[in-house]
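Protein chains in written order, with this note's numbering: chain W, 1 to 176; chain E, 1 to 176. Yeah, the Cβ is synthetic: ideal placement off N, Cα and C, and Gly gets one too. The structure presented is a predicted model; accordingly, all values stated were derived computationally and were not measured. Accompanying notes for the structure given below.
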């Protein structure tokens, strides 16, 4: 993918919230450029996500392929989805995604957090999670949970997540 | 509550699945009796739960009181609720409850698992969780999760739940 050519002078992240009609909220990542052109990144809670783009994004981080039909059901039944993208020649380029299930009252659980490898380490993951938390807090949800792989535990700690508070343990049941 | 008078010869739990119209599924807990009368316990996924009964049940285990309005929203937006009860003079007596949020495709998270203290240690908690898992598996949900307080981790391990598989950690974010 030689067309990717980014210049990142620093990683300082600042979110400017300008809701733009039908496009999403503008996320300002300082000095994010492509071919010397400043890149404008958007986030959107619109569920009208191109599932093939999402599949490609998940492929890019090496996730196991999942049936698109099941992904569609999961998105439809998620309380919240956040897509992170930019426009290139009027086409949306999906570079980040997260979703949350919720009872829309007390609890939410965040799933499928992904940033395209080309855009990792630029503050986009942090911006994505801050946007997710902001949306859930807007709905007065006070317990926001997730299950973190070992390599991203520090990342989530940096955003304010804690592991095992008061000895509470995340537990899993899988079919045998 | 002197009217409670139970005789439990052993704790062996066996679930007989007889769906009874409008009442729920009969759960057979061996030798569960009240005043020498065998007690017939039912489970139901019907969301038409008396919220005051649920509040009383949560009170009985010392949970912090929650606004009924918020509880109603949480139940309405849960994928699954399981109520455990028996009939006395044609009145339902709620003695157990659990609910799960889900994307209805891949994942589910179980919340608010409660058994009335008078009925704890009789195998009802296990029956409640087995019913919850059965319902979620029926919908082909393969990752069933929960957050367990330290004192119930062993109970969930007995049902087949595992903590921190491959180092995956349950994490929480609370408003500051």
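- Residue 42(W) places its beta carbon 8 Å or farther from that of residue 97(W).
- The distance from the Cβ of residue 102(W) to that of residue 103(E) is about 10 Å, inconsistent with a contact at the 8 Å cut-off.
- One thing to note: residue 168(E) has its Cβ within 8 Å of the Cβ of residue 148(W).
- Residue pairing by DSSP puts residue 108(W) in a beta bridge opposite 102(W), 144(W).
- Runs of the alpha helix (DSSP H) lying entirely within the stretch 22-84 of chain W, each at least 4 residues long, are 51-60, 68-76 in chain order.
- Look at residue 176(E) here: in three-state DSSP terms it is coil, with no helix or strand label.
- For residue 29(E) against residue 173(W), the beta-carbon gap comes to about 22 Å, at or over 8 Å, which does not count as contact.
- For residue 97(E), the beta-bridge partners assigned by DSSP are 83(E), 114(E).
- Classified as buried, residue 122(E) has 16 or more neighbouring CB atoms from the shown chains inside 10 Å of its CB.
- With at least 16 other beta carbons inside 10 angstroms of its own, residue 116(W) counts as buried.
- Taking the Cβ atoms as the reference, residue 114(W) lies roughly 18 Å from residue 39(W), outside the contact range of under 8 Å.
- Taking 8 Å as the threshold, the shortest C-beta distance from residue 111(W) to chain E falls below it.
- Not a single CB atom of chain W sits nearer than 8 Å to the CB of residue 64(E).
- The straight-line gap separating the alpha-carbon atoms of residue 166(W) and residue 36(E) is approximately 42 Å.
- Here the C-alpha atom of residue 164(E) lies approximately 32 Å from the C-alpha atom of residue 72(E).
- For residue 122(E), no alpha helix (DSSP H) run applies, since DSSP gives it neither H nor E.
- Among the residues of chain W, those whose CB is under 7 Å from the CB of residue 146(E) are 171, following chain order.
- Only 99, 101, 102, 103, 104, 105, 106, 107, 108 from the stretch 95-108 of chain W bring a Cβ to less than 9 Å from some Cβ of chain E.
- For residue 161(E), there is no enclosing alpha helix (DSSP H), as DSSP marks it with neither H nor E.
- Rounded to the nearest whole angstrom, the CA to CA distance from residue 143(E) to residue 100(E) is 12 Å.
- Look at residue 78(W): its C-beta is under 8 Å from a C-beta on chain E.
- Note on residue 154(E): under 16 other CB atoms within 10 angstroms of its CB, so exposed under the neighbour-count rule.
- Annotation for residue 50(E): 92, 94 place their beta carbon closer than 8 Å to its own, counting only its chain and skipping 5 residues before and after.
- For a Cβ distance threshold of 8 Å, nothing in chain E lies close to residue 47(W): the least Cβ distance comes to about 12 Å.
- Residue 33(E) is positioned such that its CB atom lies no closer than 8 Å to that of residue 81(E).
- 8 Å or more divides the Cβ of residue 146(E) from the Cβ of residue 138(E).
- Taking a C-beta distance under 8 Å as the contact criterion, residue 159(E) and residue 106(E) do not qualify as a contact pair.
- Note: residue 91(E) is bridge-paired with 88(E) in the DSSP secondary-structure output.
- Listed in chain order, the non-local C-beta contacts of residue 112(W) below 6 Å within the same chain comprise 99, local neighbours out to five positions each way being set aside.
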